[in-house]
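Peer 1:
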Amino acid sequence: MKIERRREQFNALVSEAATCRLCAAMCGRTAVLSDHNGRVGAQAMFIGEAPGRQGGDRTRVPFSGDQSGRNFARYLASVGLAREQIFITNAALCNPRTETGANRKPSRVEVSNCSGFLRRQLDIIDPRVVVTLGAVALAALCAVEYHQLTLGQDAGQIRKWRGLLLVPLYHPSPQVLASHRREAAQLEDYKAVARALRLIEKRERRAFERVV
Ligand code: SF4
């Protein structure tokens, strides 16, 4: 599909998400989905859990404005990637909060409600490499096409999924860094993203050479 058509579809999706009220507990908050998420046609699409209260929900740019965003930017830079090259979204597009206003994980129902938006973003952005940030994002992909991958077994590895390369990573939040995956291990994991992009580049160069 032509890039202009995909941009039109993306704009329509943004408008639809902006007025979505499927999740009752998200009432009063708006989906974080716009041109600030990245490029239609980006080779790599990153998927997080949900926008954070001090992060994407406040800045309207996923993974920015809080410590998770700063960690993410550092890890991306460590493998030579810039935000301008990628597309970033979340399994749940709105910010889930507790009654006291703290961040919470999106519920299974909320992730399931949002799975149609995730599927359509994958179709429109049409990335070659998908990178999930955390267990919620990895599980959310099952609603698009079933897989049996887990962070315990597959973090930092390149796997095939739906004809794409999938790299499951841990979430870059300070809590995950302190309890599940330290910074040194996360930096090592990000090298798999760079390897996956190199594999795609090689494959596309070979295909190009076959037709010219
Ligand atoms: S999280 Fe997704 S499905 Fe739920 S209200 Fe927001 S946009 Fe709609």
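For the sequence shown, counting from 1, position 78 maps to 77 in our numbering; every step adds exactly one.
Glycine is no exception: its CB is placed at the ideal position from the N, C-alpha and C atoms.
My guess is that residue 50 and residue 89 are in contact by the Cβ rule of under 8 Å, so how many angstroms apart are they, rounded?
Peer 2: Indeed they touch by this definition, with Cβ atoms about 6 Å apart.
Peer 1: Since I believe residue 48 is in contact with residue 105 (beta carbons under 8 Å), could you give me their beta-carbon distance rounded to a whole number of angstroms?
Peer 2: Sure, about 7 Å apart at Cβ, within 8 Å.
Peer 1: Can you find the residues in the same chain that come closer than 6 Å, C-beta to C-beta, to residue 131, ignoring five residues on each side of it along the sequence?
Peer 2: Correct list, in chain order: 46, 137, 167.
Peer 1: Which full runs of the beta strand (DSSP E) of 3+ residues lie inside the region 38-78, going along the chain?
Peer 2: Complete beta strand (DSSP E) runs here, min 3: 43-47.
Peer 1: If the criterion is Cβ atoms closer than 8 Å, does the pair residue 192 and residue 78 meet it?
Peer 2: Contact flag set, yes.
Peer 1: Excluding the 5 residues flanking residue 119 on each side, which residues of the same chain have their C-beta closer than 6 Å to its C-beta?
Peer 2: For residue 119, where only same-chain residues beyond five positions count, the Cβ hits under 6 Å are 12.
Peer 1: Let me check you understand the geometry: is the CB of residue 92 closer than 7 Å to at least one non-hydrogen atom of the ligand SF4?
Peer 2: Correct: residue 92 has its Cβ closer than 7 Å to the ligand SF4.
Peer 1: Answer yes or no: the CB of residue 121 versus the heavy atoms of the ligand SF4, is any distance below 7 Å?
Peer 2: Checking every heavy atom of the ligand SF4 against the Cβ of residue 121, none is found closer than 7 Å.
Peer 1: Span of the alpha helix (DSSP H) holding residue 1?
Peer 2: No alpha helix (DSSP H) holds residue 1; DSSP gives it neither H nor E.
Peer 1: Mapping the DSSP letters down to three states, classify residue 13 as helix, strand or coil.
Peer 2: In this structure, residue 13 counts as helix in the three-state DSSP scheme.
Peer 1: How many angstroms separate the CA atom of residue 29 from the CA atom of residue 194?
Peer 2: Rounded to whole angstroms, residue 29 to residue 194 spans 35 Å at the Cα level.
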